Amino acid sequence: MRATARDAARAVGAAAVASLVLGCAAQSQDTASRPPEAVIRPVGSQQTLDVAENLLERDCMRRSGFDFWVTPPAAPGTRREFPYVVDDVAWAKEHGYGSDQRAALRRAADADPNKRYLLSLDPRRRTSLVAALNGPRPTGLAVDLPNGARISHSDEGCTAEAERRLYGDLPAWFRATRTVRFLKGERVAAVQQDARYRSARDRWAACMRADGLPYSDPRESRAAADPERGADRARETRTAVAEATCAVSTGFSRVAADLDTSYGTSARRRHPRVYADLARLTRAALPRARAVVARG
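So the sequence shown is numbered by UniProt numbering: it starts at 1 and just counts up by one.
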């Protein structure tokens with residue numbers, strides 16, 4: 001699911017509460033000039049679902065007395081994820097580790113009219129907006145994750161209403177999405193702990209050392225070449241290209257991909273219901289989402 005206005009509300013929500021407690025008095029601009037809403041044409045099923053959910057949130061928030069804008073989803077390929085190792089040499093030559101793309105996403109987030117609107121409100125109104133979007137308290141939906149942790153969320157608020165209208169069975173949708181998200185993180189951790197992964201990573205590290213880059217793990221090379229930690233663009237690009245070149249030449253990226261597939265298959269076998277529920281609910285939601293997007 002793409003980052004949306006609800007993410008801004010969650011990020012600013014704690015600050016809003018703190019401001020309220022401290023008695024800060026930001027001047028409300030609830031009637032500030034409102035930018036027009038863009039015409040959005042989603043590409044693909046996931047964008048259609050995301051945009052439809054935002055449209056339903058918009059309608060709900062407006063009924064609750066708040067402004068809400070549906071912003072265009074990020075273009076496909078705006079940001080690539082490499083959970084194990086960068087292995088695309090051409091991409092690394094152009095983007096390094098992706099600091100340019102992250103910066104562009106931050107600029108887009110800063111320009112988000114929903115974020116600006118939220119921050120323009122006085123503390124009490126801001127807290128009311130967060131509650132209207134996310135629900136007044138994190139109760140009503142709950143799931144026990146495979147590691148025993150329990151997470152919960154409100155079954156009220158505009159996000160819950162939008163997801164209920166799209167997916168129908170909101171508790172099942174909550175369980176499936178949160179469990180699958182957890183299992184994805186668990187899969188990555190399992191791959192990184194696998195002896196076959198570590199052996200391939202050691203070959204990669206030897207290749208990097210031969211290129212004058214003494215890193216034993218891709219997480220180290222990324223941290224060392226991170227512009228946010230002081231590295232310049234040339235260092236970022238050179239390190240990322242070396243990482244990708246060594247990932248391919250040593251077979252590290254192939255081993256990581258094969259293990260990722262294997263552990264992913266194992267997770268599906270161990271938790272067939274959540275994956276089946278996710279597929280079923282998503283499939284059923286698509287016709288509803290297309291109708292919502294067509295209506296606008």
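Built from N, CA and C at the ideal position, the CB exists for glycine as well. Note that this is a predicted model, so its numbers are computed, not measured.
Under 8 Å between C-beta atoms of Gln47 and Thr78: no
Whole-angstrom distance between Gly96 and Val70, CA atom to CA atom: 31 Å
Outcome for Ser199 when other beta-carbon atoms lying within 10 angstroms are tallied against a minimum of 16: exposed
According to DSSP, residues forming a beta bridge with Val143: Ile151
Chain-order list of residues whose beta-carbon lies under 6 Å from that of Lys93 (same chain, five-residue window excluded): Val241
Exposure label - Gly251; buried when at least 16 CB within 10 Å: exposed
Which of helix, strand or coil DSSP assigns to Ala225: coil
Burial state of Leu43, where buried means 16 or more other Cβ atoms lie within 10 Å: It should be noted that the sequence gives Val, not Leu, for residue 43. Exposed, because fewer than 16 other Cβ atoms sit within 10 Å of the Cβ of Val43.
Enclosing alpha helix (DSSP H) for Trp69 [first to last residue]: Taken as a continuous stretch (DSSP letters only), Trp69 belongs to no alpha helix (DSSP H), as it is neither H nor E.
Cβ-Cβ separation, Ala142 to Ala289 (assumed contact under 8 Å), whole Å: Actually they do not touch by this definition, with Cβ atoms about 26 Å apart.
Rounded C-alpha distance that separates Ala267 from Arg150: 19 Å
Presumed contact (8 Å Cβ cut-off) between Pro218 and Glu243, rounded CB distance: 6 Å
Assigned secondary structure, Ser120 (DSSP; H/G/I helix, E/B strand, else coil): helix
8 Å contact criterion, which Gly148 and Leu281 should meet: CB distance rounded: Not confirmed; about 25 Å, so no contact.
Contact check, Pro146 vs Phe182, beta carbons under 8 Å: yes
Given 8 Å, three or more beta-carbon pairs between the region 155-163 and the region 120-134: yes
Coarse secondary structure for His271, derived from DSSP in three states: coil
Of the residues Ala74, Arg175 and Pro171, the one placed nearest Asp50, counting alpha carbons only: Ala74
Proximal residues to Ser64 (C-beta, below 8 Å), its chain only, five neighbours per side dropped: Ala132 and Cys158
Runs of beta strand (DSSP E) wholly within the region 175-214 (minimum 3 residues, chain order): none
Same chain, Cβ closer than 7 Å to Cys207, five either side skipped, listed in chain order: Cys246, Ser249 and Thr250
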